[in-house]
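Read the structure below first, then the notes.
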Amino acid sequence: MKRIRKLWGWLALLVVGVTLIGTGWATHQAAVARAVPHRTKILFWHEMTGPAQQELLRLVQGFNRSQTTYQVVPEFEGNYNEAVQKVIDTHGTTASPAVFQSMDISTSQLAHTGNITPVQKYIDEDHYDLKQIAPGARAFYANRGVQLSMPFNTSQPVLYYNATLLKKYHITPPPVAPTYQDITRVATQLTDRSHHKVQGMTVEIYGWLFEQFLANSGEELANQHDGHTGTPTEVNFTSPGALTAMHWIQTNLQRGIFVNYGAGANAQSNETASFLSGRLGMFLQSSALIGQLTTGNPDRLGISDYPHPVGKRANGVAIGGASLWLSNDKSAHVQRGAWDFIKYLMTAKSQAAWQVATGYLALNQRSAQTPALRALFRKLPATRVPGNQLRATAPNQTNSGIFLQGLIQERNLTQTAMEQIYQGADPRRALSTAQRAMTSYVQNNNRANGYQK
Amino acid sequence: MEMTHKPFPSPTKAKSVAKERPRGFNGHRHDKYVAAAFLGPSLVVLGIFVFYPMLKTLYLSLFLTNNVGRPTVFVGLKNYGTLLASSAYRASFQATLIYVFSVVVLTLTVGVLLAQAAVQKLAGIRWFRTIFSATMGVSVSVAAIFWLFIFSPSVGLLDQLAASLHLPVINWLTTPGWAMVAIIVSTVWMNLGFTFLILFGALQMVPTTLYDAAAVEGASPRYQFLHVTLPMISPTLFFTATVTLIGAFKSFGLIDLMTAGGPNNATNLMVYQVYRDAFLTGNYGQASAESMILAVVIAGLTWVQFKFLEKRVTYE
Amino acid sequence: MSIELSGLGKTYQPDEWVLHDVSARIASGEFFAIVGPSGCGKSTLLRMIAGLTPITAGNLKINGRVVTDLPPKERQLTMVFQSYALFPFLSVQANVAFGLKARKFPPAEIDQRVTRAIQLVDLTAFRDRKPRDLSGGQRQRVALARAIASEAKLCLMDEPLSNLDAQLRVKMRTELRRLQQQLGLTVIYVTHDQVEAMTMADHIMVLHDHQVQQIGTPLDLYHHPANTFVGSFFGAPRMNLLPARVSEATELTLAQTLKVALPRPLPVADYTVGIRPNAITVLPAGTGAPCATVQTVEYLGAQTLLETQLPDGTALELIGVAPADYRPGDRVAVQLTGTLYVFDAQGRARMTLEGGVVHGNDAQTVSVADQS
Amino acid sequence: MMQINNRHLIWRYLGLGLLALLILGPFILGVWTSLLPTAEIAKGALIGGPVSLANYGAAVHQTAILRYLLNSLVIATLTTIAQVLLCSLGAYAFVFLTFKGREALFYVILATMMLPFEAEVIPNFATARQFNLLNHYAILVLPFLTSAFGIFMLRQAFRQIPGELKEAADIEGLNPWQFYWHVVLPYARISLVTLAAYSFLGSWNQYLWPMLTTFSDRFRPVQDGLRQLQSQETFNNWGMIQASAVIVVLPTLIVLFVGQHFFKTGLNQGATKS
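Protein chains in written order, with the numbering used here: chain A, 912 to 1364; chain B, 324 to 639; chain C, 622 to 993; chain D, 534 to 807.
Next comes the structure, spelled out in structure tokens:
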């Protein structure tokens, strides 16, 4: 009995302790919040991490300071994959956001839910000059002339290489628009000449990169021209473009000039860490990484276009990243505030700051004239590459994104296939399995949504 | 302490007690109203959050669901058929079995080892007992973070050790087999505190004269362990095994934090698969079918446990 | 199978002897009882012999071989525990076979020995039962059978009968003794019950205060107790211990009341005199000078026990005369008719006075045996 | 049992030490790295670097870790109180009241112990959404207001209460509530404390359900808070993450060490004597 009384005593102590901590925190928060009374709260969901998150929070603060009607409340909601379904699942509840960031491939799905207010509505109301936004980026999120969402963080997949290391080992850098072979050459030389101290290259197991291999080869992933002419009913993961790219990776893995960092968030941070510490020579990744790769990096960063198969012209890649959406379950007042916030994020100044801090492309065409961006280009000319790549791309149906629902499933499946291929499985077999599963998923999904009997 | 309390009682034994020991009073006429008031809240909660959802899950598992999660097309058992035909799901099931089996075996083995070490009568043994039970205070996310660091590539402890000893560096979390090993090790570690406490208690309750008798009869320590200790704690071992088994089938947090089901779905266990299909890809019909399969497996195991508890031998 | 204990001692903390300087020789085939009140160290001594408790000092020989530091299984003995130490998860048969299996005997031999042992203790009908389905007496016999099956010629028993009810205990005593003789076992038997020791043992070791008080045959201990402890420990009803004083060389005064003439002089000093109740005769009412006042009366059927008080307040237990009816407050006269034991101030036996006839103040002695 | 020889003593302690290291290793490593600057950790320099509490400062100031702790405390406390109350009321009905269908109802409740919550999250999420309970303490507590296991365990405990007490109470004219409050609860307090401990730990360790139903730091409990921290750090700020983990694990470790005897007794009586 005595022991129990003692236990209660300790528990009580604990409760008191934590409560004190809690109250301390709460009062701290209250002090922060006191500055903004009687404002309409605009809940904003985003999926930005690291420096991008910090910059985004700065922009939010800037918006909140710029006017007195609204207060944007940012909430981090995990990775892109998690966020889409969260948005759909919370729609119509008080938990749902007024404005949210959602990744490129969720476009079709979100458009079909009927949960969103197309930004076109406010563009028309405000006579907003849409032309100031980069056309390649904005086209991705438009359907039949209606702008569904506002592109915000847009990136291009690029090839990063450690220029300092290449110079050290007297290796000719890859050309601006490299072929698979060009990269293999550099990777081989790096690995050999450094006596395996430097790993030649890597490609993260990431469905987005798989999609880009197809795009740059000019091949469709889904029928109906990647969904641009109608609802896709089947997918094709085994086109020559896909197989060539996978064979290329597999061969390099077997040669020992390619290192596998796996999939997922950890994979990316690991490959970045290795690259920064000079243990990895080259990798394919989003241009959004430029910010992280330049701050505090003693080595010179080299950037080239996304690679393409030998003997073919690069078709150009689709953009990556995400756009901002308005949810239609909020009052007109709130939606208007959310739109104002979007407009604030899209100003030339905001976009320039955004590119400087993160590496995402400044989508406001007038940003190029801002001092911030000019300074960046002067200091690091390589940072022009993604923008140039985007401008050099003539939009067509295979490099403008895939208008297909369930692309998260597609990414899961292609990533699984990539993992198998990286472990040595036959690319055609691995990809066929994924393709069958995805086609069946697409058809079920079409049936469930009444697009297809 | 004037009474014994029994947190893990046997269901049917309780019933037999009721029959053996008729209460000295009969029900009052107004008992049913009191009962409704006392029991009502619990029944409402269980009804809304346990019974209804089970039926609803069954219902959903017979449908295809649309973009926003509503059941639209009735497909009967087709979702189940798809699952059984899917090599990915079979692989997930198989991975779950491997995981569950390894976790149970290792948890019990190491747990018995710890308990056996802790029953020794040595100076300062209380400190070791406290240490051995420490992981009971560790939650999944903390365990995941601790182990994630140990297993993480290049900065992690294991890789650094391997590098400094010039051993081949293993990509723990990105190689399918090793990732499974990593989550098994982490899970076992997390389970040990609870398992140790239970097994240690059981060991302490083995009368020492049994060991005396065995020693006099010529049994070596090894023989004593196998033929006295193990049989004596076997009811507890079984209890711990089923609790661990059921717990392992429900594992989610460690996987979510450490591997997210990868690499190559190697650690995509059943609960994780449900989460992925429902809350990442919005495929609620399919996920419901997976939930039903999971429920059947766990219900079966719980039933086995009940049955055993009912029959279980109580040694005086 | 002879056992020799020489100077055995046990300490857990330095200089705190739980047992000190225990020596004894136990002959082959002997039933040797170790008796003493609880806490005297008798179980510890048995466990030291078994090898379950390490020996701190002295030597232990079994059959001439020094086994002091050997583990239990190499001492070729067997043991029956107070709690029986049956394995609850094993059947009777498997319990009996446990040691044989541990020692890896061939199955045929195990079977044969187990069958015989179970037969000997008369449990053949119960061989497949689990201990929990047996009565206390049956469990006790299983423990016995296990000892028998080992065929060790030395069997240690730690209060094996103490968990049985009184009737069964009496029955088992004879049975144990019969088995011991039939099998030619050497038994070392620990008990706190003097009756058990008296009825069963060939020799008894009395332990008290961590030391051996006396070793001898039951009759020895009864008739020639070495000290007050042994004297009062054996015999029921218990021996009366009266304060006594020798004021003149041959005159002994008990409880300031009863005078006894000593056949030989003793130094002038305080003594303790032990008299068993059956050595005192209560005189019929009206005869002699009453000197004891009845406090309580216990009718036991065949006997009537009287708790009385002498004038100086000393308690004296007496056996009443059969037909008489006593009440508290009655005064009775007594006569010392049996043996008197004179112990010195330290409780050591000094003199035994056989069959005295003493009446009232007029004490008288028949014969004297000097023990000092 | 086995004899202890001095020459084996060293080996015994060595064995114990190894086992202790196995258990404590991850803790020690966690605490140690929480004291190192992340840059050192990233370089792989685990020893010899400067040691400081900076990571703890960072965790407390830059993240919502304290808020997460507060949330968990609120949720776990509410859940614990509710479970002890509702389970004991339910168990009371099963032990001291007679009504039609008592046995049948009991088996129904027993059956719920077989249904894993993990397999029911989809409809439960739908329910939460329908009643607009998402992202609120309420939804983290409501499904766990009662537990079949708790009712079951307390029913067993209440059965130990002598029937004469109930009879005496009836003669004294106590109503059921008075009997419940003044006799049954005090009598079974050990079981109640055991249940409370389990409810608290169980609630504290919730992971999947809060992950599905909370969308902001205001309500996110600590387990999911750590997940949030981990996924926000692109560079894996190991020092700060480890510091957060240590902050989170400390309270439960303290409770465990203080109450370990108690936990042990509770666990073992259940596991071995039932």
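Cβ coordinates follow ideal geometry from the N, Cα and C atoms, glycine included.
Please report the Cβ distance between residue i and residue j, rounded to the nearest whole angstrom; I am assuming they are in contact, meaning their Cβ atoms lie under 8 Å.
| i | j | result |
| --- | --- | --- |
| residue 630 of chain C | residue 640 of chain C | 6 Å |
| residue 1138 of chain A | residue 1019 of chain A | 6 Å |
| residue 574 of chain D | residue 771 of chain D | 5 Å |
| residue 425 of chain B | residue 507 of chain B | 5 Å |
| residue 582 of chain B | residue 502 of chain B | 5 Å |
| residue 953 of chain A | residue 1275 of chain A | Not quite, the Cβ-Cβ distance comes to about 21 Å (not below 8 Å), so this is no contact. |
| residue 1246 of chain A | residue 1237 of chain A | 6 Å |
| residue 880 of chain C | residue 872 of chain C | 6 Å |
| residue 1206 of chain A | residue 1169 of chain A | The pair is not a contact, with the Cβ atoms about 27 Å apart (cut-off 8 Å). |
| residue 1163 of chain A | residue 1145 of chain A | Not confirmed; about 31 Å, so no contact. |
| residue 620 of chain D | residue 680 of chain D | 6 Å |
Would you report the Cα separation of residue i and residue j, rounded to the nearest angstrom?
| i | j | result |
| --- | --- | --- |
| residue 1334 of chain A | residue 454 of chain B | 41 Å |
| residue 381 of chain B | residue 372 of chain B | 14 Å |
| residue 505 of chain B | residue 423 of chain B | 13 Å |
| residue 803 of chain D | residue 743 of chain D | In this prediction, residue 803 of chain D scores a pLDDT of 48, lower than 50, which makes its location untrustworthy; the coordinate-derived value is nonetheless stated afterwards. So the two alpha carbons sit approximately 29 Å from each other. |
| residue 345 of chain B | residue 628 of chain D | In this prediction, residue 345 of chain B has a pLDDT of 40, which is less than 50 and means its spatial position is unreliable; what the coordinates show is noted afterwards. Taking the straight line joining both Cα atoms gives about 11 Å. |
| residue 465 of chain B | residue 1175 of chain A | 20 Å |
| residue 744 of chain C | residue 374 of chain B | 55 Å |
| residue 749 of chain C | residue 440 of chain B | 34 Å |
| residue 703 of chain D | residue 546 of chain D | 59 Å |
| residue 1094 of chain A | residue 1085 of chain A | 6 Å |
| residue 476 of chain B | residue 1189 of chain A | 15 Å |
| residue 364 of chain B | residue 751 of chain C | 46 Å |
| residue 1283 of chain A | residue 515 of chain B | 56 Å |
| residue 806 of chain C | residue 649 of chain C | 8 Å |
| residue 852 of chain C | residue 953 of chain C | 25 Å |
| residue 931 of chain C | residue 913 of chain C | 5 Å |
| residue 1344 of chain A | residue 999 of chain A | 29 Å |
| residue 518 of chain B | residue 431 of chain B | 7 Å |
According to DSSP, is residue i part of a helix, a strand, or is it coil?
| i | result |
| --- | --- |
| residue 895 of chain C | strand |
| residue 390 of chain B | coil |
| residue 904 of chain C | coil |
| residue 347 of chain B | With a pLDDT of only 39 at residue 347 of chain B, under 50, the local geometry of the prediction cannot be trusted, and no value is derived from it. |
| residue 589 of chain C | Nothing in the structure corresponds to residue 589 of chain C, since chain C is present only between 622 and 993. |
| residue 518 of chain B | helix |
| residue 1332 of chain A | helix |
Kindly list the residues whose CB is nearer than 8 Å to the CB of residue i, restricted to its own chain and excluding five residues on each side of it in sequence; keep chain order.
| i | result |
| --- | --- |
| residue 726 of chain C | 734 |
| residue 813 of chain C | 656, 657, 658, 659, 663, 780, 783 |
Taking a contact to mean a Cβ-Cβ separation below 8 Å, would you say residue i touches residue j in this structure?
| i | j | result |
| --- | --- | --- |
| residue 739 of chain D | residue 711 of chain D | no |
| residue 791 of chain C | residue 801 of chain C | no |
| residue 951 of chain C | residue 894 of chain C | no |
| residue 1030 of chain A | residue 1215 of chain A | no |
| residue 1356 of chain A | residue 1298 of chain A | no |
| residue 1259 of chain A | residue 1281 of chain A | yes |
With a threshold of 7 Å on Cβ separation, who are the neighbours of residue i within its own chain once the five nearest residues in sequence on each side are excluded?
| i | result |
| --- | --- |
| residue 778 of chain D | 563, 759 |
| residue 1006 of chain A | none |
Within a Cβ cutoff of 6 Å, which residues of the same chain sit near residue i, ignoring the five residues on either side of it in sequence?
| i | result |
| --- | --- |
| residue 866 of chain C | 874, 891 |
| residue 902 of chain C | 956, 958 |
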